[in-house]
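Here is the structure we will look at.
Residue numbers (full-length UniProt numbering): 1 to 244.
Below is the structure:
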């Protein structure tokens, strides 16, 4: 069992594709030699410190990004000035799709993060030449739609307890896709970020986590790590079948 999954998330990476350990989660995985070569020809990389703004809502959508190491949060500003976090991204996740030439959300690193970046214009040109690239990009768009649907579910009629349980199980599932432990889960975002994502107050998030600890469902060995002790019980709560 990995006792410190947070440390793995912030591990650095080199500038070359050979240093990338995303394997089948990388955007270029499974493209074949021609598709991979085409993608490498337009690929750039960036190493960013924590809390660095990758782009802002309304900026021209010039690049599309893949998280190689680290974590990124996506947010939108509401008309009254409040912030709504709409997603958290981890290694292998793709982001930066624009609408009518502009980014529809802001992206900011949570911890030190390494990104691959691709020119949107050049990527669009390459997709006209390579069907594998078109299929891969379509798959990533479907993934992004799935994340949006999950966010709508969280902001729907779930109770605070159900939202926090669902969020922790979501982090557990995504850790498993990275080959990390499902039971000892990195939680790099702050409690305030969690609250903004779940549509709760920070006090409610903290109180709910404390209650889940008292119930013996989780442990919190550090602010950025949660140990899931009873995954089945937590999933029942997330599904609305747990007792309040």
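For each residue, glycine too, the CB sits at the ideal point set by N, CA and C.
Small disclaimer: the values here were computed from a predicted structure and weren't measured.
Determine the burial state of residue i: buried for a count of at least 16 other Cβ atoms within 10 Å of its Cβ, exposed for fewer.
| i | result |
| --- | --- |
| residue 194 | buried |
| residue 55 | buried |
| residue 221 | exposed |
| residue 76 | exposed |
| residue 49 | exposed |
| residue 107 | buried |
| residue 163 | buried |
| residue 79 | exposed |
| residue 152 | exposed |
| residue 196 | buried |
| residue 226 | buried |
Do the CB positions of residue i and residue j come within less than 7 Å of each other?
| i | j | result |
| --- | --- | --- |
| residue 218 | residue 229 | yes |
| residue 167 | residue 117 | no |
| residue 185 | residue 224 | no |
| residue 95 | residue 89 | yes |
| residue 105 | residue 144 | no |
| residue 42 | residue 119 | yes |
| residue 130 | residue 38 | yes |
Identify, in the order they occur along the chain, each residue of the same chain with its Cβ nearer than 7 Å to the Cβ of residue i, setting aside the five sequence neighbours on each side.
| i | result |
| --- | --- |
| residue 59 | 102 and 103 |
| residue 82 | none |
So, under 8 Å CB-CB, residue i and residue j are touching, yes? Tell me the CB distance rounded to an integer number of Å.
| i | j | result |
| --- | --- | --- |
| residue 86 | residue 74 | 5 Å |
| residue 165 | residue 200 | Not really, about 13 Å apart at Cβ, beyond 8 Å. |
| residue 113 | residue 71 | 7 Å |
| residue 121 | residue 127 | With 8 Å as the limit, residue 121 and residue 127 do not qualify as a contact, their Cβ atoms being about 11 Å apart. |
| residue 51 | residue 109 | 6 Å |
| residue 205 | residue 198 | 7 Å |
Output needed for residue i: all residues of its chain with C-beta closer than 6 Å, excluding positions within five of it in sequence on either side, in chain order.
| i | result |
| --- | --- |
| residue 93 | 67 |
| residue 53 | 108 |
| residue 191 | 202, 205 and 206 |
| residue 140 | 94 |
Is the beta carbon of residue i within less than 6 Å of some heavy atom of the ligand PLP?
| i | result |
| --- | --- |
| residue 201 | Among the ligands in the structure shown, none appear at all, so the ligand PLP cannot be discussed. |
So, for residue i: in the same chain, excluding its five sequence neighbours on each side, which residues have a beta-carbon less than 8 Å away from its beta-carbon?
| i | result |
| --- | --- |
| residue 182 | 172, 173, 175, 176, 228 and 231 |
- [ ] Mind listing, in chain order, the continuous beta strand (DSSP E) runs of no fewer than 3 residues lying wholly within the stretch 53-80?
- [x] Assignment of beta strand (DSSP E) within the stretch 53-80, counting only whole runs of 3 or more residues, yields 53-55, 63-69 and 72-77 in chain order.
- [ ] Pick out the complete beta strand (DSSP E) segments inside the stretch 105-171, 3 residues or longer, and give them in chain order.
- [x] Every beta strand (DSSP E) stretch that sits fully inside the stretch 105-171 and reaches 3 residues is listed by chain position as 106-109 and 113-119.
Task: Any beta strand (DSSP E) of 3 or more consecutive residues that is wholly inside the UniProt domain "HTH crp-type" (158-232) - done: List check, beta strand (DSSP E) in window: 184-186, 218-222 and 225-228.
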